[in-house]
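Following: one structure in structure tokens, then a few remarks.
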Amino acid sequence: MADLHIEEFYKDVAIALVQLYGAFPRRVNLFVEDIAGPDEPDEFGLHSKRHMACFGALLWLEEEGLLRYVDTIRQEALDQAVLSQTAFVRLSAPAPSALARALGGQRDVEADALPSSVQEDLSTYIHLIRTALRSGHSGRISQVIQATFFADTSE
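Sequential numbering from 32 applies to the sequence shown in our numbering.
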């Protein structure tokens, strides 16, 4: 089992990518509270560790070239965020069918009965991320995010 903060990182990344993909190519404000949930700063105005971890995950996505933004809105949000070309292409790409099966996707027989355009949409990384988020299963979310961005794609 992964450390809790790593599972939260994968979930934060997944939610942020789904939000940005859904708005693409528009620039949107990406609010930490929409991803990690409400946060009440302490008596000194400092955010919780959870809030700051989510904010850090968003900044990390930019540092790794997966999104761009104009500015930060304090430690509350990224202003005018948009997916990078690299992230958009990767999220739109078909995932290996073995990954879809491992994540509990549709059985091959059911998928074969669908029109090819629908089959293509259901085979993308973004679809697998959305499905994993809907499941609420942290292991599936972690697995699909790892496969989407961290697996060796040179094969």
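Where is the CB? At the ideal position from N, CA and C, for every residue including glycine.
Every value quoted in this text rests on a predicted model; they were computed, and no experiment measured them.
query, result
"Residue from Arg171, Ser123, Leu77 with nearest C-alpha to Leu114", "Ser123"
"Pairwise C-alpha distance: Tyr52 and Ala209", "Only positions 32 to 186 of the chain appear in the structure, and residue 209 is not among them; the question remains open."
"CB contact flag (Ser166, Ala126, <8 Å)", "no"
"Where Val101 falls: helix, strand or coil (DSSP)", "coil"
"Continuous beta strand (DSSP E) assignments of at least 3 residues falling wholly in the segment 87 to 134", "102 to 104, 108 to 114"
"Buried or exposed by the 16-neighbour rule on C-beta atoms within 10 Å, applied to Asp34", "exposed"
"CA-to-CA distance, Arg81 to Glu64, given in whole angstroms", "10 Å"
"Collapsed DSSP secondary structure at Leu35 in the structure displayed", "helix"
"CB contact flag (Leu89, Leu48, <8 Å)", "no"
"Backbone CA spacing between Glu71 and Ala133 [nearest angstrom]", "38 Å"
"Assigned secondary structure, Phe75 (DSSP; H/G/I helix, E/B strand, else coil)", "coil"
"Distance CB(Ile46)-CB(Leu164) smaller than 8 Å", "yes"
"Neighbourhood of Thr103 by C-beta distance below 7 Å, restricted to the same chain and skipping five residues each side", "Leu109, Asp110"
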